[in-house]
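Engineer:
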Amino acid sequence: MELREASNGEELLEVEKRLDREKRKEEAKSAQVAERLRKQTSVFDIINKKLGGKGHTSEDDADDLKQKPAVNICSTVLQKDTAKNLNMKNYQISENIRQLEKEVQKMEQAKLRQSNNKAALGMINTKLEAKKSELQKFKEAEMKVQGEQQKRRDTKKYCVF
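Position in the sequence shown (first residue = 1) + 135 = the numbering used here.
Structure follows, in structure tokens:
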């Protein structure tokens with residue numbers, strides 16, 4: 136009887152299909168809302184992530200890796216890359232360097248602020264050293280890419296007839 140009332144003159148199979156569709160849409164919406172609520176983080180989670188406390192999870196590490204994609208700078212790969220790919224790699228590396236320099240500067244400021252807190256100072260120092268070594272690696276990679284670009288420019292100059 137309910138199906139007949141809901142049909143309003145439509146065929147029963149079409150009504151059942153329509154009700155199933157509506158039910159699936161509602162389930163999908165509720166799943167999206169549940170996912171959104173699960174992903175919401177509190178202010179304390181953000182603070183813990185920045186300070187490297189207990190709230191630092193593997194998902195946070197994955198977010199950090201997404202920010203700085205690895206660029207393959209092996210000399211054989213650089214020689215085989217096109218000029219466009221070299222330019223893209225150079226740009227990516229320079230953006231990573233710029234971001235790391237900002238992070239190092241922020242850590243230096245945090246180090247000055249936390250000069251009286253030995254525990255925080257030790258943690259900041261270890262993170263600062265790690266960032267500086269990462270920055271050095273990116274600078275070396277940038278030099279390799281720029282060297283390959285310069286080598287190509289030089290050979291292009293020499294090959295003019």
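A virtual CB, placed ideally from N, CA and C, is assigned to each residue, including glycine.
Put Asn298 into one of helix, strand or coil per three-state DSSP.
Structural biologist: Outside the shown range of the chain, which is 136 to 296, sits residue 298, and nothing can be said about it.
Engineer: Tell whether a beta-carbon distance below 8 Å holds between Ile208 and Ala276.
Structural biologist: yes
Engineer: Throw me the rounded Cβ distance for the Ile259 and Lys246 pair, which I believe falls under 8 Å.
Structural biologist: 5 Å
Engineer: I'd like to check one pair, Leu235 with Glu264: are the Cβ atoms closer than 8 Å?
Structural biologist: no
Engineer: Work out the CA separation of Arg288 and Leu256 for me, nearest whole Å.
Structural biologist: 47 Å
Engineer: What does the alpha-carbon distance come out to for the pair Asp180 and Arg156?
Structural biologist: If I take the Cα positions, the gap works out to 38 Å.
Engineer: Do you know offhand how far Arg153's Cα is from Arg159's?
Structural biologist: 10 Å
Engineer: In terms of residues, what are the limits of the alpha helix (DSSP H) holding Val280?
Structural biologist: Taken as a continuous stretch (DSSP letters only), the alpha helix (DSSP H) holding Val280 covers Lys253 to Tyr293.
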